[in-house]
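Shown next, in structure tokens, is the structure this report addresses.
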Amino acid sequence: MKLILVGPPGSGKGTQAKMLIDKYSIPQISTGDILREAVKEGSPLGKKAKSLMDKGSLVPDEVVVGIIEERLKKPDCKGGFILDGFPRTVAQAEALDKILDKMNLEIDHLLNIEVDDGELLKRLTGRRTCKNCGRGYHIIFDPPAKENVCNECNGDLYQRDDDKEDTIKSRLKVYHDQTAPVVDFYKKKNLSRTIDGLGKIDEVFTRVTGAIN
Ligand code: ADP
Ligand code: ADP
Ligand code: ZN
Numbered sequence: 047m048k049l050i051l052v053g054p055p056g057s058g059k060g061t062q063a064k065m066l067i068d069k070y071s072i073p074q075i076s077t078g079d080i081l082r083e084a085v086k087e088g089s090p091l092g093k094k095a096k097s098l099m100d101k102g103s104l105v106p107d108e109v110v111v112g113i114i115e116e117r118l119k120k121p122d123c124k125g126g127f128i129l130d131g132f133p134r135t136v137a138q139a140e141a142l143d144k145i146l147d148k149m150n151l152e153i154d155h156l157l158n159i160e161v162d163d164g165e166l167l168k169r170l171t172g173r174r175t176c177k178n179c180g181r182g183y184h185i186i187f188d189p190p191a192k193e194n195v196c197n198e199c200n201g202d203l204y205q206r207d208d209d210k211e212d213t214i215k216s217r218l219k220v221y222h223d224q225t226a227p228v229v230d231f232y233k234k235k236n237l238s239r240t241i242d243g244l245g246k247i248d249e250v251f252t253r254v255t256g257a258i259n
């Protein structure tokens, strides 16, 4: 199964991807997680990406396309994968097509998770992220068993620098301007499935698996 998860920031891509990993035993490839890891390590890539991410802007297409090309070659992607947060521009979608062509692979479905901006703001301002493994929580909608501690790895939870109200507004604008056209790109290929992202996490997951089957 080769899936793409698209949706505005806070729509639940990461949350649903973690559940899909368990159900289908395929890896999640999140460009956001990979970039945050690079920032944490202070690598040249991380240094370049940090100021753009903090502003809510996208990092350059060639940077993320390079990351994805390397990642898809790893053996754990042989049985399929979940792309979370990539492609985010039409240029990235075109580059992905070329990469997959070379590998003789095709995307099965793009899942387009729809959530309105008001709900996204509530979700993102309450989001907490594990410093260690990157899993997301929500202080009200999906709290960890122990305050500020990750259920899975005991790591500390933190609020991402870009999950502050001003940056959230820029990210939503970037989504509507640059990423929404990606959905049309896959609609033309008949691969886009629209998912109503409102409701409980489990309810959304039922819609996601229903769309895949
Ligand atoms: P969210 O899950 O809230 O949508 P991500 O973790 O996917 O956010 O991305 C965080 C930031 O990382 C983005 O705002 C952007 O700066 C950068 N980023 C992640 N994926 C991409 C991508 N495919 N293209 C360009 N920038 C990206
Ligand atoms: P994305 O990866 O698309 O940016 P996340 O999966 O990180 O989104 O979810 C954003 C925030 O909303 C997190 O705090 C998460 O716990 C919460 N969340 C995810 N799905 C739901 C849902 N169906 N209802 C309420 N909150 C949700
Ligand atoms: Zn963790």
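Using my numbering, read the sequence shown as starting at 47 and increasing by one per residue.
For glycine and all other residues, C-beta sits at the position ideal for the given N, C-alpha and C.
Below 8 Å, enough C-beta pairs join the region 75 to 95 and the region 128 to 140 to call them touching: three or more.
For the pair ARG217 and PRO106, the CB atoms are not nearer than the 8 Å cut-off. Take GLY60, set aside five residues on each side of it, and the residues of its chain with a beta-carbon closer than 7 Å to its own are SER76, ASP130, GLY182, in chain order.
If you look at THR175, you'll find it in the beta strand (DSSP E) that goes 173 to 176. In the DSSP assignment, ASP209 falls outside any beta strand (DSSP E), carrying neither H nor E.
The region 190 to 204 and the region 159 to 178 touch, with no fewer than 3 CB-CB distances between them shorter than 8 Å. Per DSSP, the unbroken beta strand (DSSP E) holding GLY182 starts and ends at 182 to 184.
Secondary structure of GLN205 (DSSP, three-state): coil. Put simply, of GLU87, LYS64, HIS155 the residue whose alpha carbon is nearest the alpha carbon of LYS233 is HIS155.
A residue is listed when its beta-carbon falls short of 6 Å from at least one non-hydrogen atom of ligand 3; in chain order these are CYS176, ASN178, CYS179, ARG181, CYS196, GLU198, CYS199, GLY201. Beta-bridge annotation (DSSP): GLN74 is paired with ILE128. Three or more pairs of CB atoms, one per stretch, sit closer than 8 Å, so the region 242 to 257 contacts the region 61 to 69.
Rounded to whole angstroms, the separation of the alpha carbons of ILE159 and SER238 is 10 Å.
For the alpha helix (DSSP H) assignment, the uninterrupted runs of no fewer than 4 residues enclosed by the region 102 to 173 are, from N- to C-terminal side, 107 to 118, 136 to 149, 163 to 171. Judged by DSSP in its simplified three-state form, SER89 adopts coil rather than helix or strand.
Counting along the chain, LYS48 sits inside the beta strand (DSSP E) bounded by residues 48 to 52. For VAL161 against GLY53, the beta-carbon gap comes to about 7 Å, under 8 Å, which counts as contact. Annotation: the continuous alpha helix (DSSP H) that includes ASP248 extends over 247 to 258.
Judged by beta-carbon spacing, VAL109 lies within the 8 Å limit of LEU91, meaning their Cβ atoms are closer than that value.
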